[in-house]
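Input: a single structure, listed below in structure tokens.
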């Protein structure tokens, strides 16, 4: 087998049409393969940057245009029996031709295609052409033929097997792509080749077993031999003449097990599969890294309903997860390095599972290899989201083919632990008025409850399958019943305050989220609004959620002082997002005897947008990321409402008992003690212990002036409980001292509180887009200090670094504009030395002029 990539010399042109702009019509531009039309036009300077301002609205014509890719490939005839043109991914409605002879058509972005071009290739140059018809025209034609079906957005995305979020989402732009989005090349082979290799790995009774299922394609009806080797074990099997499939089983005694991060190591072993001719010649090879581990899903009914507990190597894993969306609308821009950085950000936040959401794609080899290496578990949705999907042809056959290919391709990866049939479609059929609108038309039920479980059961019985997210486990129980299976909680964001999370004690929360804008530097890169405001044109365009701005305001009104300006609004909305999700995660984890996992919506963004993400579209960490790092810590201390009072809950998500003295102190906002109690924590591995607080401690004398502080040593972050909302608390004006000193790679900012400082956070990206800080959302009592390490491409101005709007806390929010201006002016004009003077600390004293307790 010889493989020749065909990635060079491609050109792109638009097929003439009245919608094509004059600047593009008739032009032929260089094309990058793999890639897409948008990135090629952008590189040629023919379209504006899609992510900036409202530029996406100028690009809708691209998805309604036909496109032609063309290149020339040199061919030197050899002795191969056959030459195939192999297309790993064409997006989406493609006609492929060699030397102007059509060799095939495709209509599914999510699967590969292989065409025999042996008879069409000639010595020397050969022309290869791929024409892409408009995705809109294809989808709308099938919609008109089959009858419309309901979905979440007014786009026909369920009538084409394409990344649904290309058509826009409540966090994503509408950028309907076309192009050769994955590898393309010529494969020359003789006698036989490995058509598929599907390793199924199991571990039982100290024996690791790798069943290597192989299918071969032939040009000669002769016996061939399959050899498999891994971890010192080997096996071979002969595929007799006339046969296409065989299984070679390799057994490994006492293999070192692969574990999720936090539970053990991630040893990976190279599995090599070789196909040999009768004379011993090597015909084809295949290689992947595998890990030895077992996985099962416990859904045995109990006193609380139907659990949803993931077991890896027979150890129940509490899922600390996040939902994953495509990291860019243009997949060819997502490099392995970019994914590695995103995965590191996930791991540093305590995350152990990524759910690949069903409106995107089956993720890449890079994605899964990195997950294998880092011990990040993956739940992969089949690609159906928020819509009623037709089950008629050609969709039924395409879905079956893509699912079989995806299951086969991903079978080797130990990180993949769960297949899910769809996102919210069964729920939609029950609750979103679909039944009347469908009037008996198909909507996807046959996929989720029949086709997909059959494919997974036949091709990969080593992994569990769950029909949907959410799903209760039975047709007889509402699909989003919190007591059964998985649930999504969206009433909090859409209609209710985030404290309502405490009304749920679900078995497993697969989606819940709260919005906030991206980092300030991200906004300033993407938007030209002057002035920038929560409702300025660019901000409004980059808020895709229905009534999103009003929902953000509703959340602020319930908890926080009113923002006086955009800087306040930006800080407070980001803070409110962080608090909402931290409250939810800590509540659910405190009930880990009932709830077996949480998957926050969402980890990442694909462009600059106000959304539910913890990491924004430019890769910057929002305050939510820091809140997740605390809430998803291996050991968590939290104060929770229990039985009409309060309790200290200690959650131990490690394999070691947690024994430590703990104290809970009731203090005034001025730091004066009002009461105290002590405990000896004894929390077994993988459990939570709730300790009721005495009534006199849990009941404040002055709710607006008091808080609880719970501590259990330096190994765990302390927990705080405030008896009043920030909007009602009698906050003193923020007073503190700050010093700034240079350190390797950045600067160290030390803040010492003269008054309580609530959720102190640094936003250094306001000074330099490259700047990052190591911690956020720090509450200090009078006399306490906190150190922040800031890294940036160049030293930052110490005075600006320690003043509003870079350094913020809740109790610097004041109503009169003059007060805010005075605070800013005093901080920025305070005496400070420059960062270039390493021998001297830069000292800044910040003292707001607001009176004690003044809030807007």
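In my numbering, the protein residues as written are 95 to 950. All C-beta atoms, glycine included, are put in the ideal place defined by N, C-alpha and C.
Below 8 Å between beta carbons: does that hold for residue 693 and residue 469? no
Residue 220 - DSSP class collapsed to helix/strand/coil: In this structure, residue 220 counts as strand in the three-state DSSP scheme.
Start and end of the beta strand (DSSP E) containing residue 460? No beta strand (DSSP E) contains residue 460, which is instead part of the alpha helix (DSSP H) from 459-468.
Nearest to residue 579 by alpha carbon, out of 597, 596, 601 and 588? 601
Cα-Cα separation between residue 924 and residue 893, rounded to whole angstroms: Unreliable positioning characterises residue 924 in this predicted model, as indicated by a pLDDT of 33, which lies under 50. The coordinate reading is nonetheless provided below. If you take the alpha carbons of residue 924 and residue 893, they lie about 7 Å apart.
What residue does the beta strand (DSSP E) around residue 743 start on, and which one ends it? 739-746
Do the segment 796-807 and the segment 745-760 meet, that is, are 3 or more Cβ pairs less than 8 Å apart? yes
Cross-strand partners of residue 406 (DSSP beta bridge): 389 and 409
Roughly how many angstroms separate the alpha carbons of residue 445 and residue 777, rounded to a whole number? The alpha-carbon atoms of residue 445 and residue 777 are separated by roughly 22 Å.
DSSP-derived helix/strand/coil call for residue 205: coil
Identify the continuous beta strand (DSSP E) that holds residue 831 and give its terminal residues. DSSP places residue 831 inside the beta strand (DSSP E), whose first and last residues are 829-837.
N-terminal and C-terminal residue of the alpha helix (DSSP H) that residue 568 is part of: Careful: residue 568 lies outside any alpha helix (DSSP H) and carries neither H nor E.
Apart from the five residues just before and just after residue 233, which ones in its own chain have a Cβ nearer than 6 Å to its Cβ? Excluding positions up to five away in sequence, the list reads 250, 253 and 254.
Shortest alpha-carbon distance to residue 575 belongs to which of 586, 599, 590 and 555? 599
Does DSSP put residue 103 in a helix, a strand or coil? coil
Select from 496, 482, 657 and 362 the residue whose C-alpha is nearest the C-alpha of residue 535. If we check each option's Cα against that of residue 535, 482 comes out closest.
Give the list of continuous beta strand (DSSP E) stretches no shorter than 3 residues that lie fully inside the segment 313-344. 318-324 and 327-333
Answer yes or no: do residue 440 and residue 433 have a C-beta to C-beta separation smaller than 8 Å? Residue 433 is positioned such that its CB atom lies no closer than 8 Å to that of residue 440.
How far does the beta strand (DSSP E) with residue 513 in it extend, from its first residue to its last? For residue 513, the uninterrupted beta strand (DSSP E) run begins and ends at 510-514, by DSSP.
Complete runs of the alpha helix (DSSP H) confined to the segment 871-907 [at least 4 residues]: Entirely contained in the segment 871-907, the alpha helix (DSSP H) runs reaching 4 residues are, in chain order, 892-895.
Output needed for residue 737: all residues of its chain with C-beta closer than 7 Å, excluding positions within five of it in sequence on either side, in chain order. For residue 737, where only same-chain residues beyond five positions count, there are no Cβ hits under 7 Å.
Identify whether residue 154 lies in helix, strand or coil by the three-state DSSP scheme. helix
In angstroms, rounded to a whole number, what distance separates the CA positions of residue 750 and residue 796? 40 Å
Which listed residue (313, 877 and 763) has its alpha carbon closest to that of residue 822: 763
Taking the beta strand (DSSP E) that residue 647 falls in, what are its first and last residues? No beta strand (DSSP E) holds residue 647; the alpha helix (DSSP H) holding it covers 642-653.
When DSSP builds the beta bridges, which residues end up paired with residue 559? Note: residue 559 sits in a beta bridge opposite 513.
Using a threshold of 8 Å, state whether the C-beta atoms of residue 342 and residue 331 are closer than that. yes
What whole-angstrom Cβ distance do residue 640 and residue 264 have, given they're in contact under 8 Å? 7 Å
Residue from 743, 739 and 711 whose Cα sits closest to the Cα of residue 725: 743
Residue 165 vs residue 215 beta-carbon contact at 8 Å: no
For residue 453: DSSP bridge partner residues: Residue 453 pairs with nothing; no bridge assigned.
Local conformation of residue 950 per DSSP, three classes: Any answer about residue 950 is weak, because its pLDDT of 26 lies below 50 and its placement is not dependable; what the coordinates show is given next. Residue 950: coil per DSSP, three-state reduction.
Taking the C-alpha atoms as reference points, what is the distance between residue 779 and residue 413? 15 Å
What number of angstroms, rounded off, separates the C-alpha of residue 909 from the C-alpha of residue 614? For residue 909, the predicted structure reports a pLDDT of 39, less than 50, and the residue's modelled location is therefore unreliable. A value from the coordinates is still provided. Rounded to the nearest angstrom, the two C-alpha atoms are 22 Å apart.
Between the Cα of residue 898 and the Cα atoms of 830, 618, 815 and 787, which residue gives the shortest distance? 830
Could you pull out every unbroken alpha helix (DSSP H) segment of at least 4 residues lying fully inside the segment 104-179, listed in chain order? 131-137 and 154-157
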